[in-house]
Amino acid sequence: MLDGAAIARAIRTEVAEGVQRLKATGRPVPHLAAVLIGTNPASETYIAMKQRACGWVGMASSVHRLGDNATQAEAEALVARLNADPAVTGILVQHPLPKHLHEPAVLDQVSAHKDVDGISRVSLGALINGEPAFPSCTPAGILALLDRYNLPIEGKRAVVVGRSIILGKPIALMLLNRHATVTICHSRTPDLATETRQADILVAAAGRPELITGDMIKPGAVVIDAGYNRVEGRTGDVGDVHFESAARVAGWITPVPGGVGPMTIAMLLRNTLFAAEGRFP
Ligand code: NAP
22 MLDGAAIARA IRTEVAEGVQ RLKATGRPVP HLAAVLIGTN PASETYIAMK
72 QRACGWVGMA SSVHRLGDNA TQAEAEALVA RLNADPAVTG ILVQHPLPKH
122 LHEPAVLDQV SAHKDVDGIS RVSLGALING EPAFPSCTPA GILALLDRYN
172 LPIEGKRAVV VGRSIILGKP IALMLLNRHA TVTICHSRTP DLATETRQAD
222 ILVAAAGRPE LITGDMIKPG AVVIDAGYNR VEGRTGDVGD VHFESAARVA
272 GWITPVPGGV GPMTIAMLLR NTLFAAEGRF P
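To convert, count from 1 in the sequence shown and add 21; that's our numbering.
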């Protein structure tokens with residue numbers, strides 16, 4: 022089992038120590054400013070979780086809200102104001118934004134040095150070029166999990182199921198940058214099982230409950246389940262992997278919950294600490 026909850030706790034402790042070091046040298050306390058536009062109960066929950074996590078490690082946080090009818094100019098101006106504020110060391114624009122807004126243009130107002138969520142076009146461009154930047158938090162969490170368990174990536178065959186801009190594409194690029202041979206699958210992939218059975222490292226990021234079953238997994242593979250899905254009639258979140266059948270075949274597997282989820286927030290905190298220190302991970 023890849024215990025994301027335990028690794029995330031260890032990373033949070035390291036981040037808290039880093040915050041204390043900054044304070045001891047008289048440097049500004051890391052401050053994560055979250056931008057929340059429109060009303061979305063899930064976004065409210067995520068923001069509350071992230072603020073709580075900042076508190077655990079001694080960081081400051083703030084939430085900056087705009088209503089459902091916010092204009093593109095208002096959204097961009099808010100982010101630009103936070104970007105110019107020296108007390109704010111990291112900026113997080115909670116997505117999804119209301120549909121009438123152009124999210125990439127809003128994110129373009131965030132300097133790469135404050136883009137602790139790693140999803141602006143500049144940060145993603147740096148990832149493509151293999152240049153330093155803040156990595157997107159969920160894919161960075163997956164990579165950190167592999168690294169902390171000393172699971173090799175170089176030379177391995179990795180298959181990523183999903184191609185979203187926040188998850189599938191960046192994790193595929195990160196694995197590629199670490200010299201895996203990478204296949205990306207999506208909803209038009211004709212025979213998903215044939216692809217997934219090739220994987221030494223399989224990342225499920227499709228948002229489809231229990232899409233990946235044990236018979237789709239190569240024996241001994243590392244299986245990372247990034248999915249969390251609400252399913253009617255079941256309590257808690259359900260991953261993209263059918264855990265019971267997959268665990269019988271996989272060499273390593275992440276549970277849901279307690280796998281990728283806690284790593285995402287740990288990476289956000291780590292990125293925010295690094296931003297306050299003026300460096301990239
Ligand atoms: P998304 O934007 O909906 O993207 C899903 C991707 O999966 C798409 O590229 C889609 O293909 C592909 N897909 C859908 N059904 C498929 C199928 N049957 N076979 C193969 N590919 C399929 O979702 P996301 O934002 O990347 O999130 C994916 C999952 O990760 C969700 O469960 C989400 O809740 C979870 N997540 C977890 C965290 C965390 O912190 N743990 C963070 C973010 C997301 P097309 O491109 O062809 O449509």
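From the three backbone atoms N, C-alpha and C, an ideal C-beta is built for every residue, glycine too. In this text, all values refer to a predicted model and were calculated from it rather than measured experimentally.
*Residues in its own chain within less than 7 Å of V13 by CB, not counting five upstream and five downstream?*
Residue numbering for the chain in the displayed model covers 22 to 302; residue 13 lies beyond these limits and cannot be assessed.
*Hey, D246 and V203: beta-carbon distance below 9 Å or not?*
One-based indexing of the sequence shown puts residue 246 at position 225. One-based indexing of the sequence shown puts residue 203 at position 182. No, the pair does not count as a contact, with Cβ atoms beyond the cut-off.
*Using only alpha-carbon positions, find the residue among A94, D136, D168 and H116 that is nearest to P153.*
Here residue 153 refers to the residue found at position 132 of the sequence shown. That would be D136, whose Cα lies nearest to the Cα of P153.
*Delimiting residues of the alpha helix (DSSP H) encompassing I112*: Taking the sequence shown and counting its residues from 1, one reaches residue 112 at position 91. From DSSP, I112 is part of no alpha helix (DSSP H) but of the beta strand (DSSP E) over G111 to V114.
_Other residues of its chain near Q115: CB distance less than 7 Å, five sequence neighbours each side excluded_ = Numbered from 1 along the sequence shown, position 94 holds the residue referred to as residue 115. The beta carbon of Q115 is closer than 7 Å to those of A55, V56, L57, S64, Y67 and I68 in its chain, skipping five residues each way along the sequence.
_Measuring only from the beta carbon, is T293 closer than 8 Å to any heavy atom that is part of ligand 1?_
Against the sequence shown, residue 293 aligns to sequence position 272. For T293, the shortest separation between its Cβ and any heavy atom of ligand 1 does not lie below 8 Å.
_Using the Cβ count rule (16 or more neighbours within 10 Å means buried), how would you classify Q93?_
In the sequence shown, counting from the first residue as 1, residue 93 sits at position 72. Classification for Q93: exposed.
*Ignore the nearest five residues each way along the sequence and tell me which others in S144's own chain have a CB closer than 7 Å to its CB.*
Here residue 144 refers to the residue found at position 123 of the sequence shown. Around S144, the same chain offers A133, D136, A154 and F155 as residues with beta carbons nearer than 7 Å, after the five sequence neighbours per side are excluded.
*Using 8 Å as the Cβ pair cut-off and three pairs as the minimum, do the segment 186-197 and the segment 229-237 touch?*
These segments do not touch.
_Burial state of T46, where buried means 16 or more other Cβ atoms lie within 10 Å_ = Mapped onto the sequence shown, residue 46 falls at position 25. The residue is exposed, with fewer than 16 neighbouring Cβ atoms inside 10 Å.
*In its own chain, which residues sit with a C-beta less than 7 Å from the C-beta of L99, not counting the 5 before and 5 after it?*
Numbered from 1 along the sequence shown, position 78 holds the residue referred to as residue 99. Residues V56, H85 and L87 of the same chain have their beta carbon placed closer than 7 Å to that of L99, with the five preceding and five following residues left out of the count.
*Can you give me the start and stop residues for the alpha helix (DSSP H) that D168 sits inside?*
Locating residue 168 in the sequence shown gives position 147, counting from the first residue. Boundaries of the alpha helix (DSSP H) harbouring D168: C158 to R169, taken from the DSSP string.
_For S82, three-class secondary structure by DSSP_ = Against the sequence shown, residue 82 aligns to sequence position 61. DSSP places S82 in strand when its eight states are reduced to three.
*Enumerated in chain order, which unbroken segments of the beta strand (DSSP E) with a length of 3 residues or greater are wholly contained in the segment 44-105?*
DSSP runs (the beta strand (DSSP E)) wholly in the segment 44-105: 52-58 and 81-87.
*If you draw a straight line from the alpha carbon of D258 to that of G279, how long is it in whole angstroms?*
Within the sequence shown, the letter at position 237 stands for residue 258. Within the sequence shown, the letter at position 258 stands for residue 279. Spanning the two alpha carbons is a distance of roughly 11 Å.
*Relative to the C-alpha of A96, which residue among V262, M80 and V131 is closest?*
Counting from 1 along the sequence shown, the entry for residue 96 is found at position 75. Nearest option by C-alpha distance: V131.
*Do C6 and ligand 1 come close, with the Cβ less than 8 Å from some heavy atom?*
The structure shown does not extend to residue 6, since the chain spans only 22 to 302, so no value can be given for it.
*Can the beta-carbon of R178 be found less than 9 Å from the beta-carbon of I222?*
Taking the first residue of the sequence shown as position 1, residue 178 is located at position 157. Taking the first residue of the sequence shown as position 1, residue 222 is located at position 201. A contact, by the Cβ cut-off of 9 Å.
_What does the Cβ neighbour count give for M22, buried or exposed, with the cut at 16 atoms within 10 Å?_
In the sequence shown, the residue the question calls residue 22 occupies position 1. Exposed, because fewer than 16 other Cβ atoms sit within 10 Å of the Cβ of M22.
*What first and last residue would you give for the beta strand (DSSP E) that runs through T202?*
Numbered from its first residue, the sequence shown carries residue 202 at position 181. Segment T202 to C206, the beta strand (DSSP E) holding T202.
_The beta strand (DSSP E) enclosing L223, as first and last residue numbers_ = For the purposes of this step, residue 223 is taken as residue 202 along the sequence shown, with counting starting at 1. Start and end: I222 to A225.
*Identify every residue that forms a DSSP beta bridge with I274.*
For the purposes of this step, residue 274 is taken as residue 253 along the sequence shown, with counting starting at 1. Paired residues: V244.
*asked:* Less than 6 Å between C-beta atoms, sequence neighbours within five positions excluded: which residues of the same chain meet that for I286?
replied: Looking up residue 286 in the sequence shown gives position 265. Counting only residues of its own chain and dropping the five nearest sequence neighbours on each side, I286 has a CB closer than 6 Å to the CB of A74.
*Pick helix, strand or coil for D136, following the three-state DSSP scheme.*
Looking up residue 136 in the sequence shown gives position 115. Look at D136 here: in three-state DSSP terms it is coil, with no helix or strand label.
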